[in-house]
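Residue numbers (the numbering used here), protein chains in the order written: chain S, 37 to 373; chain R, 652 to 1012; chain H, 3 to 336. Positions of the beta carbon are idealized from the N, C-alpha and C atoms, including for glycine. From a predicted model like this one, the values you see are computed outputs, not experimental measurements.
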Amino acid sequence: MPTTPSSQSPSETEEKTPLHKRKAAKVDRLAELMGDRGDDGHGAGVWREAFGRMRRSPMAISGAIIVVMFLLVALFSPLIAPYSPTSQAWGSEVFPNRNEFVGPRAENWLGLDHLGRDMFSRMVIGARQTLMVGVVATFVGFLFGALLGGVAGGCTVLGGRWGRQVDNVIMRVIDMMLALPSLLLAVTVAALVGPSLTTVMLAVGIAQIPIFARLLRGAMISQGNREYVLAAQAMGVRSHKIALTHILPNSMGPVLVQSTLTLATAIIDAAALSYLGLGNPDANFPEWGTMLSEAQRFLSSAPALAVYPALGIIITALGFTLLGESLREALDPKLRK
Amino acid sequence: MSSSTPLLAVDELSVVFHRRGSGETRAVDGVSFSLEEGRVTGLVGESGCGKSVTSLALMGLLPDRGVKVGGSAVMQLPDGEADLLRLSQRRLRDLRGSQMAMIFQDPLSSLNPVVPIGMQVTEILKRHRGMRGVAVRKEAADLLYRVGIPDPTRRLDEYPHQLSGGMRQRALIAMAVACKPRLMIADEPTTALDVTIQAQILELLKDLVTEEGTALLMITHDLGVVAGLCDDINVLYAGRAVETAPREPLFADPTHPYTVGLLGSIPRLDAPRGESLTPVRGSANDNIAWVDGCAFAPRCDHYTMECLQGPPPLVSVEKGDGGDDGGHVHRCVNPIDHAAVADRAVLDSPTVADEDEEERG
Amino acid sequence: MLRFIVRRLLQLIPTLGGLSILLFVWLQRLPGGPEYALLPDDATPEQRAMLRRSLGLDEPLMVQYLAFLRRIAQGDLGTSLQTSRPVLDEFFLRFPATFELGVTAILIAVIIGLPLGYLAARRRGTILDFAAVGGSLLGICTPVFFLAFILKVVFAEGMGWFPSAFRLSPGLTRTDITGFVVLDGVMTREWDVVWDALAHLALPGLALASIPLAVITRMTRASVLEVMEEDYVRTANAKGLHRTTVRTRHVLRNALLPVVTAVGLLTGSLFAGAVLTESVFAFPGIGSFVYIATQERDYPVLTGFILLIATMYVFINLLVDISYSLLDPRVRAQ
């Protein structure tokens, strides 16, 4: 119909302007009053809220500081390290069989190791190698664990009877892997492939698969029981679409938290594998785990050689654990008081 | 209203939660009411209005840290009167369960899942009545029987998950009445139950009040429960009482827009066919601090600029016939006067215009 | 209850079956095949072929797998390459030492961890809480073998408070009844032996306890914090019960349920930890033996160890489930 509400409205608006303005003033005043209630009102997402809480947690802050420092050192290690980590330039000054070691001095801040290499450079370059081991191992565990857990969870929630069968098979495999302590699983894999850095990363990563799988599956099943999934199903949304666009994104929280924690576990487990003789056979290679197991031999005569890489491992693992734990706490609705 | 001293007189009760980093929340903001023996008093309001916090404050069950309780709650005890809010924890522990008892909302989560029902009843008898041995078990069975649990001796050895929802709530009531308390607080006792069970539980509570002369504080959001059970009613909004009245005037002649809204949102069988319900807009989160004005204003259809000029005082409701207010008070500068509803539109605009002038000036 | 146990045992079959397949495949995939593991590196191809035939390695895989299963079922885990004795015998010989060490570690972890976690939860936000949480995080983040080395260097070699190696001081005579040194000592009232054995257990036990201790402390703390917020604890307080009654009957009884499960799950990692700790203290248990096996690529010992751990893990968790169902009436009913 060609009736023109627009042609009528100008006069009407003009006539009602006072009221309109009055309303605006009232609304503004209300908005102003309601705006005073602080920032923890509505609208903020779960993650934003979580980060807000983490900003106030000393645990999270110290974790974040450690992790950021570690990442900076690892990323810029070639720029920081004053010498080559493998150069035995001071080899003539160190005599391990006579218990003669060189401690910290002006040119070698952390002293020399048993072959006369600069400890500081080895520690700095070692940070990078350690980070790589941690990240690759975590990625392996995350990728395959999330894949298995995601399929299992998705099938249970939306696959009906057939889906539960798939879930059953996958979970039996996961249970089997869980029956072995992760370190032993890693030993098994390492013994199979032979000692190398790749082995360590793969082995530690594979050992983390069952945890990731169980976590994601559990989170997806609990999400799948929520009303919104039922509502989406009732509206005829395709199952795989619900799984991918609704359930999966909402279930990633615990898995991401676990990734942070796994970085710590991976670094520690990698050190244990090195100790068991399944790590990188190249002792020249500066990785904290390798360095630590190398240095055990001289623990009574030159404890510093073991203490530096051990402290590196402990502090880094602590940083990732603190960050992961506080993230978990911040995301946990039960602890949000 | 009775002229004698009430069993419990709550005056200007306030509860403020201090949270690290996020300032303070005034959960209860100056609530006053009194409880008389043999009468049922209702605290009505939406979730988040402070009614549960009020009851926990009276029982002394709020956490010790991060909470500030103000005002007073004077209770008549066998050995004289005492302010519940100022008693030591030790003294409160002696009073809880014996002089005052509480019934909670969710009977399943309120019962310890790994302890048999019997022990959960007998522990209170042992604690406050010093009973021991066979007698205590017999008394527990009697209590369960009194609250309508069949085959009570067998139930004593069962665990909470083996009982139905109604039975669990009956068991909790048995624990509450075990020592014949003079004050009983029921926090949404029927919300988690089926409708048929709800009626039975309410009937049971009513009988207990009549038989024992207990004062019952009924906390609920369900106006149906209020209408069937309560003698006096306090409507709470955002931590303050907005309207207080005996049952009849409140239901017949509600004056606060919030009360009217609550009543308007109950479906009625006698309403004309096709008439739609009128819900209260928004949610309890959409309010402003009382110091800035009426907290209900953002959701109120009748608010004016005057509503935003500081907290409205609690005033007696003036009756058209100039008679006694009958204890009917409200906290509203712009109440709904049913007789004058027709004139409202006329009265409304000038007031608003005036306020507007002031604001500009 | 019996039906519950039988059902749980039946559920074990697929897990153990799958594990045996995994191990079998693992043995097949060993570099060069199993015969390389059994023969010296300079063996001739003829020798290899003969061994393959004698081991049945030329049979179809299915037949080999069944033979493998039959051997396991008969307790034949193969022969150790280090000692040329049956793996199972070697394990039996060393089991009491590892068992004593494991029990020591769990006892240390439970005796310290439970009260510490409980107190940390009760005094949330205090220095005690901070120390308990920080300490347990530190415990989780410290490599077990490094902690063992530090304990050895400081308290055994440095201070001389504890012996640094072995299960008993050399030259101490004792009567052997069960192989469990402490148990035998108590039975025969050879208190010097008991005392000496405990001193030897202290440091490796402490090192091995580090992770269980950290886990139990954190778990107890989290669990107590959660239970303290439960409605039934509020009910118990509303009934005016004494603080101690509320804390023991209503808080602890519920809070300890998840901790029981955690202790069960820890036993697996305890064995892995034993490999790392025992080797440091030259403690003559399964762990030291397996440590050498990993260095020497003694595959029969490694497979045997994995089977042993998996079986132990599965049965310990069955025990945990049973005790859990005794503690929690809700599980019993199902």
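Looking at C-alpha atoms only, which residue of H/E298, H/P286, H/F97 and H/V282 is the closest neighbour of S/S329? H/V282
Quick check: is the beta carbon of H/E159 nearer than 8 Å to any beta carbon in chain S? yes
Could you pull the start and end residues of the beta strand (DSSP E) that R/N885 belongs to? D883 to Y888
Could you check where the beta strand (DSSP E) with R/R891 kicks off and where it finishes? R891 to P897
Using a Cβ cut-off of 8 Å (strictly closer), state whether R/M818 contacts chain H. no
Provide the residue span of the beta strand (DSSP E) that contains R/M726, from first to last. V718 to L728
Exposed unless 16 or more other CB atoms sit within 10 angstroms - verdict on S/G77: The pLDDT assigned to S/G77 is 37, lower than 50, so where the model puts this residue is not dependable; a value taken from the coordinates is nonetheless given after this. Classification of S/G77: exposed, given that the 10 Å Cβ count is below 16.
Do R/A752 and R/P657 come within 8 Å of each other at the CB atom, strictly closer than that value? no
Of all the options H/F273, H/L116 and H/A158, which has the alpha carbon lying nearest to the alpha carbon of H/A257? H/L116
Quick one, are the C-beta atoms of R/V765 and H/L329 less than 8 Å apart? yes
Would you list, in chain order, the members of the region 232–247 of chain H that have their beta-carbon closer than 9 Å to a beta-carbon of chain R? E232, D233, Y234, V235, R236, T237, A238, N239, A240, K241, G242, L243, H244, R245 and T247
When you check each C-beta in the region 314–331 of chain H against every C-beta of chain R, which residues fall closer than 9 Å? L329, D330 and P331
Any idea if H/R9 is buried or exposed, counting beta-carbon neighbours within 10 angstroms, 16 or more meaning buried? exposed
Using the Cα positions of H/S212 and H/I113, report the straight-line distance between them to the nearest angstrom. 13 Å
Is the region 276–290 of chain H touching the region 809–824 of chain R in the sense that three or more CB pairs, one from each, lie closer than 8 Å? no
Length of the line joining the Cα atoms of S/P231 and S/A239: 10 Å
Answer yes or no: does any C-beta atom of chain H fall closer than 8 Å to that of S/D76? Below a pLDDT of 50, predicted positions are generally treated as unreliable, and S/D76, at 38, falls in that range; no measurement from the model is reported.
Mind pulling the chain H residues with CB within less than 9 Å of S/A300? I142 and C143
Against chain R: residues of the region 251–266 of chain H by CB proximity under 7 Å: R251, H252, R255 and N256
Assuming H/I114 is part of the alpha helix (DSSP H), what are its boundary residues? V89 to R124
Scan the region 229–262 of chain S for residues whose Cβ lies nearer than 8 Å to a Cβ of chain H and list them as they occur along the chain. G230
Give me the DSSP bridge partner(s) of R/D680. R/S665
List, in chain order, every chain H residue whose beta-carbon is nearer than 8 Å to that of R/G748. A240, K241, G242 and L243
Taking the runs of the alpha helix (DSSP H) that are 4 residues or longer, which of them lie wholly in the region 245–272 of chain S? 263–270
Own chain partners of R/S857 with C-beta closer than 7 Å, once the 5 adjacent residues on each side are dropped: The identity of residue 857 of chain R in the sequence shown is Lys, whereas the question assumes Ser. Closer than 7 Å at the Cβ level, and outside the excluded window around R/K857, lie L880.
Nearest chain H C-beta to R/D608 closer than 8 Å, yes or no? Because residue 608 of chain R is not part of the residues shown, which for chain R are 652 to 1012, the question remains open.
CA-CA distance, S/F87 and S/E361? 13 Å
Taking just the CA atoms, how far does R/L914 sit from R/D904? 11 Å
Less than 6 Å between C-beta atoms, sequence neighbours within five positions excluded: which residues of the same chain meet that for R/A708? V666 and V720
Chain S within 8 Å of H/F97, Cβ atoms only: no
Roughly how many whole angstroms lie between the Cα atoms of H/I7 and H/F317? 11 Å
Any idea what DSSP makes of R/S654, helix, strand or coil? At R/S654, the pLDDT of 49 sits below 50, so the modelled position is not reliable; the number obtained from the coordinates is stated separately. DSSP places R/S654 in coil when its eight states are reduced to three.
When you check each C-beta in the region 157–181 of chain S against every C-beta of chain A, which residues fall closer than 7 Å? Structure shown: chain A not included; protein chains present are S, R and H.
Under 8 Å between C-beta atoms of R/P840 and R/I917: no
Can you confirm whether R/N985, when its beta carbon is compared against all beta carbons of chain H, has any partner nearer than 8 Å? no
Any beta carbon from chain H within less than 8 Å of S/Q294's own beta carbon? no
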